[in-house]
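Residue numbers are given in our numbering: position 41 of the sequence shown equals residue 49, and the series is strictly consecutive. Using N, Cα and C, we set each Cβ at its ideal position, and we do this for glycine too. A quick write-up on the structure given underneath.
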Amino acid sequence: MLPTFICDTYEVFINAKNCHDMLSTSMTTTPIQREIDRRRTFAIISHPDAGKTTLTEKLLLYGGAIHTAGAVKSKKAAKSATSDWMSIEKERGISVASSVMQFEYAGCRFNLLDTPGHNDFSEDTYRTLTAADCAVMLVDIAKGVEPQTIKLFQVCKTRGIPIVTFVNKMDRDGREPMEVLDEIENVLGIPTTPVNYPVGMGKQFRGVFDLASKKLFQFDKTASQGAKQAEAIEVDLHGSEVASWIGEAGQAELIESLELIQEAGNPFSMNAFLAGEISPVFFGSAMNNFGIGPFLEKFYQLCPAPRPRPTELGEHDPHASPFSGFVFKIQANMDPKHRDRIAFVRICSGKFERGMKALNTRSGRKISMDRSLNFFASERINIEEAYSGDILGLWDSGHLRIGDTISEKKDIKFVGMPTFSPEIFVRIRLADPMKRKQLMKGLEQLSDEGAVQLLNHYDKSRVEPILGAVGWLQIEVVKHRLQAEYNVNAEIERLPYQEARWIFGEGFDPKNIVRPGSVACLRDLEDRPLILFDNKWTRFRVEEKLKDGFDFVAAVQPGRKQ
Ligand code: G4P
Numbered sequence: 009m010l011p012t013f014i015c016d017t018y019e020v021f022i023n024a025k026n027c028h029d030m031l032s033t034s035m036t037t038t039p040i041q042r043e044i045d046r047r048r049t050f051a052i053i054s055h056p057d058a059g060k061t062t063l064t065e066k067l068l069l070y071g072g073a074i075h076t077a078g079a080v081k082s083k084k085a086a087k088s089a090t091s092d093w094m095s096i097e098k099e100r101g102i103s104v105a106s107s108v109m110q111f112e113y114a115g116c117r118f119n120l121l122d123t124p125g126h127n128d129f130s131e132d133t134y135r136t137l138t139a140a141d142c143a144v145m146l147v148d149i150a151k152g153v154e155p156q157t158i159k160l161f162q163v164c165k166t167r168g169i170p171i172v173t174f175v176n177k178m179d180r181d182g183r184e185p186m187e188v189l190d191e192i193e194n195v196l197g198i199p200t201t202p203v204n205y206p207v208g209m210g211k212q213f214r215g216v217f218d219l220a221s222k223k224l225f226q227f228d229k230t231a232s233q234g235a236k237q238a239e240a241i242e243v244d245l246h247g248s249e250v251a252s253w254i255g256e257a258g259q260a261e262l263i264e265s266l267e268l269i270q271e272a273g274n275p276f277s278m279n280a281f282l283a284g285e286i287s288p289v290f291f292g293s294a295m296n297n298f299g300i301g302p303f304l305e306k307f308y309q310l311c312p313a314p315r316p317r318p319t320e321l322g323e324h325d326p327h328a329s330p331f332s333g334f335v336f337k338i339q340a341n342m343d344p345k346h347r348d349r350i351a352f353v354r355i356c357s358g359k360f361e362r363g364m365k366a367l368n369t370r371s372g373r374k375i376s377m378d379r380s381l382n383f384f385a386s387e388r389i390n391i392e393e394a395y396s397g398d399i400l401g402l403w404d405s406g407h408l409r410i411g412d413t414i415s416e417k418k419d420i421k422f423v424g425m426p427t428f429s430p431e432i433f434v435r436i437r438l439a440d441p442m443k444r445k446q447l448m449k450g451l452e453q454l455s456d457e458g459a460v461q462l463l464n465h466y467d468k469s470r471v472e473p474i475l476g477a478v479g480w481l482q483i484e485v486v487k488h489r490l491q492a493e494y495n496v497n498a499e500i501e502r503l504p505y506q507e508a509r510w511i512f513g514e515g516f517d518p519k520n521i522v523r524p525g526s527v528a529c530l531r532d533l534e535d536r537p538l539i540l541f542d543n544k545w546t547r548f549r550v551e552e553k554l555k556d557g558f559d560f561v562a563a564v565q566p567g568r569k570q
């Protein structure tokens with residue numbers, strides 16, 4: 009049964025004062041259950057430059073995890089990361105420190121997962137989303153919905169992850185808020201429902217009108233340029249203060265827009281939101297903190313506590329007592345001083361205590377969890393205890409794989425960690441053919457780790473292996489790691505394919521579809537045929553030709569057979 013705070017009206021936003029209020033109305037009673045129910049695990053998705061780093065930092069500021077904004081990273085330094093190994097390491101060092109950030113707000117414990125974007129867009133980004141219970145989609149008011157937003161939105165949508173929208177950079181002259189809401193609805197196909205509405209645009213933007221309480225809050229513009237929290241005072245929507253702020257015509261226009269939203273806007277429904285069918289929208293400026301407080305005041309009520317996760321035997325309850333979780337990311341040699349391998353585990357049920365024993369339910373191997381790292385710390389600190397919803401960094405001696413379940417009970421196996429179809433393909437050539445053995449060892453290990461997909465020729469030959477990736481940085485990292493860790497100098501040749509689909513069905517014969525140059529047939533490491541296309545039009549043509557009898561799949565679950 010859903011706790012009572014999950015109701016179908018805006019009132020959800022004004023009843024609870026904090027997380028404890030919400031929990032006092034819920035059905036959970038034991039201390040462990042209460043710890044679980046106050047977890048909020050989410051990720052921010054956006055196109056590069058929409059302000060993800062800035063918003064992250066401001067959430068940490070409001071959550072008390074940092075005391076002055078400007079502390080998380082030097083953006084300019086991080087952005088210079090392109091292709092040289094030193095800067096990849098540097099960038100990695102930065103994202104390691106911030107792979108999972110924790111902060112407290114209103115009695116809730118937030119886990120904010122870092123989803124790298126831009127240059128380092130990779131499969132990691134997709135996989136990280138599998139560990140989140142909610143996503144905040146950040147949209148730049150001037151740029152609207154951008155290509156990477158669309159990709160990440162689609163991943164969230166297929167996984168049923170609820171999405172809250174934050175329209176950022178309201179302090180810049182952008183587009184009309186209504187126009188951006190329309191664009192989100194039209195391009196992404198998700199209805200929106202504003203939770204608040206901006207007052208003023210560009211330099212005049214200094215407030216938001218809260219649609220639930222019907223209160224208008226004006227921010228203090230002297231708020232130390234975003235380094236400290238922005239104070240807000242309530243002002244009368246119809247009063248002279250607003251008229252002198254945005255002009256009488258602006259005030260009349262604002263009142264009209266608000267009436268329009270209240271009368272004709274999409275009604276908010278908590279159930280539709282949790283099903284990923286509607287997106288509540290907030291407006292603000294992460295840079296100067298306007299709108300961050302109003303966002304957090306609602307977000308902790310919107311973002312769901314850990315929810316049941318699918319296993320081979322059905323849904324697994326986050327309150328169930330055995331500890332369980334799945335590996336969603338593996339990162340090797342994060343710290344060159346340690347040369348180690350860390351598996352990131354999303355806890356899906358129960359309580360973790362350092363030193364406890366569990367099983368890798370795929371291999372049956374026992375794991376002793378003595379070394380579990382906290383990532384939001386400059387020093388590596390061991391986590392002593394954690395709960396369903398939290399992320400653990402487990403030291404791994406090389407036996408864990410992406411998608412593995414770690415559990416105290418052997419029959420729990422989480423499903424839903426698909427392999428996504430790559431979009432970048434390269435052929436690997438060796439400068440020194442004597443290094444072939446090291447090359448294959450390196451590629452197999454990197455592929456196991458999920459750093460890149462190793463693909464075989466359809467006839468299973470491995471002369472000049474082919475790699476597939478979602479982002480170019482994956483290929484660069486693999487090239488550097490082959491050199492640094494396996495002493496292999498690999499030459500990379502980009503292949504002219506942009507899309508791939510697994511093909512499932514009886515009697516597939518690549519001879520029927522091969523058009524030299526525009527299509528290629530390969531196999532993945534589980535021997536499943538994969539077709540590469542030079543562009544989407546070729547794919548459409550091939551899919552059309554074979555649509556009776558064959559399934560074309562963009563993301564495949566491990567173990568799926570022909
Ligand atoms: P990202 O992580 O999504 O790539 O974006 P990031 O936060 O790095 O922000 C990208 C640029 O947008 C930065 O400017 C940042 O200061 C700016 N920005 C973020 N939020 C806001 C906002 O609410 N309003 C305005 N006007 N700008 C915002 P930059 O010049 O690239 O970097 P910096 O010199 O500010 O560090």
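Legend entry - Where P56 falls: helix, strand or coil (DSSP): DSSP places P56 in coil when its eight states are reduced to three.
Legend entry - Given F217 as reference, the closest of F290, C142, R362 once Cα atoms are compared: F290
Legend entry - Host alpha helix (DSSP H) of S248 (start-end): Per DSSP, S248 belongs to the alpha helix (DSSP H) from 248-272.
Legend entry - Exposed unless 16 or more other CB atoms sit within 10 angstroms - verdict on I389: With fewer than 16 Cβ atoms within 10 Å of its Cβ, I389 is classed as exposed.
Legend entry - Sequence ranges, beta strand (DSSP E) only - wholly within the region 321-404, length at least 3: 322-324, 332-340, 349-357, 359-361, 365-368, 374-376, 380-382, 393-395, 399-403
Inset, instruction - Determine the burial state of E65: buried for a count of at least 16 other Cβ atoms within 10 Å of its Cβ, exposed for fewer. - result: buried
Inset, instruction - Answer yes or no: the CB of P56 versus the heavy atoms of the ligand G4P, is any distance below 8 Å? - result: yes
Inset, instruction - Alpha carbon to alpha carbon, how far is G292 from I169? Give it in angstroms, no decimals. - result: 23 Å
Inset, instruction - Confirm, please, whether the CB-CB distance from V460 to A477 is below 9 Å. - result: Yes, these two residues count as a Cβ contact at 9 Å.
Legend entry - Cβ-based neighbour list, M94, same chain, cut-off 8 Å, excluding 5 preceding and 5 following: Residue placement at M94 is flagged as unreliable, the pLDDT there being 39, under the threshold of 50; a coordinate-derived value is accordingly withheld.
Legend entry - Where N297 falls: helix, strand or coil (DSSP): Coil at N297, not helix or strand.
Inset, instruction - Please determine if the region 135-155 and the region 331-338 are in contact, where contact requires at least 3 C-beta pairs separated by less than 8 Å. - result: yes
Inset, instruction - Check whether the Cβ of T138 lies closer than 8 Å to any heavy atom of the ligand G4P, and answer yes or no. - result: no
Legend entry - Cβ pair count under 8 Å reaching 3, the region 293-304 against the region 183-197: Cβ pair count under 8 Å is below three, so no.
Inset, instruction - Work out the CA separation of R46 and D556 for me, nearest whole Å. - result: 49 Å
Inset, instruction - Spatial neighbours of G210 within its chain, please: CB distance less than 7 Å, with the 5 preceding and 5 following residues excluded, ordered by chain position. - result: D179, R180, D181
Inset, instruction - With a cut-off of 8 Å on the beta carbons, I'd call R354 and M377 a contact; round off their distance for me. - result: Wrong, their Cβ atoms sit about 14 Å apart, outside the cutoff.
Legend entry - Three-state secondary structure assigned by DSSP to E112: In the structure shown, E112 adopts extended strand secondary structure according to DSSP, grouped into three states.
Inset, instruction - Compare the beta carbon distance of H246 and Q259 with 9 Å and say whether it is the shorter of the two. - result: Going by C-beta atoms, H246 is nearer than 9 Å to Q259.
Inset, instruction - Please report the Cβ distance between G401 and I350, rounded to the nearest whole angstrom; I am assuming they are in contact, meaning their Cβ atoms lie under 8 Å. - result: 5 Å
Inset, instruction - Could you tell me how far apart the beta carbons of I511 and F433 are, in whole angstroms, since I believe they sit closer than 8 Å? - result: With 8 Å as the limit, I511 and F433 do not qualify as a contact, their Cβ atoms being about 16 Å apart.
Legend entry - With 16 other Cβ atoms within 10 Å as the buried cut-off, status of R502: exposed
Inset, instruction - Report whether the distance from the Cβ of G59 to the nearest heavy atom of the ligand G4P is below 8 Å. - result: With a cut-off of 8 Å, the C-beta of G59 is classified as near the ligand G4P, since at least one heavy atom of the ligand falls inside that distance.
Inset, instruction - Return yes when at least one heavy atom of the ligand G4P lies under 8 Å from the C-beta of G606, else no. - result: Past the boundaries of the shown model lies residue 606; the chain is included only from 9 to 570, so the question cannot be answered.
Inset, instruction - Return yes when the C-beta of T62 is under 8 Å from any heavy atom of the ligand G4P, and no when it is not. - result: For the ligand G4P, at least one heavy atom lies less than 8 Å from the Cβ of T62.
Legend entry - Contact under 9 Å by Cβ, S332 with I414: yes
Inset, instruction - In the DSSP assignment, find the alpha helix (DSSP H) that holds F161 and state where it starts and stops. - result: Residues 155-166.
Inset, instruction - Note the first and the last residue of the continuous alpha helix (DSSP H) segment covering S455. - result: 444-456
Inset, instruction - Say yes only if the C-beta of R183 is nearer than 8 Å to one or more non-hydrogen atoms of the ligand G4P, and no if none qualify. - result: In this structure, R183 has its beta carbon at no less than 8 Å from each heavy atom of the ligand G4P.
Legend entry - CA-to-CA distance, V108 to F352, given in whole angstroms: 10 Å
Inset, instruction - Would you list, in sequence order, the uninterrupted alpha helix (DSSP H) runs of no fewer than 4 residues that lie entirely inside the region 176-222? - result: 185-191
Legend entry - Nearest candidate by alpha-carbon position, reference Q270, set I171, I74, V175, A220: A220
Inset, instruction - Using three-state DSSP, classify V597 as helix, strand or coil. - result: Residue coverage of the chain in this structure runs from 9 to 570, which leaves residue 597 outside it and unanswerable.
Legend entry - Sequence-distant residues of the same chain with beta carbon closer than 8 Å to I286, five excluded per side: If you ignore the 5 residues before and after I286, its C-beta comes within less than 8 Å of the C-beta of I198, P199, T200, T201, N274, F276, S277, A280, all in its own chain and listed in chain order.
Inset, instruction - Tell me whether N176 counts as near the ligand G4P, meaning its Cβ is closer than 8 Å to at least one heavy atom of that ligand. - result: yes
Inset, instruction - Kindly indicate which three-state DSSP category I102 falls into: helix, strand or coil? - result: Any answer about I102 is weak, because its pLDDT of 38 lies below 50 and its placement is not dependable; what the coordinates show is given next. Three-state result, I102: helix.
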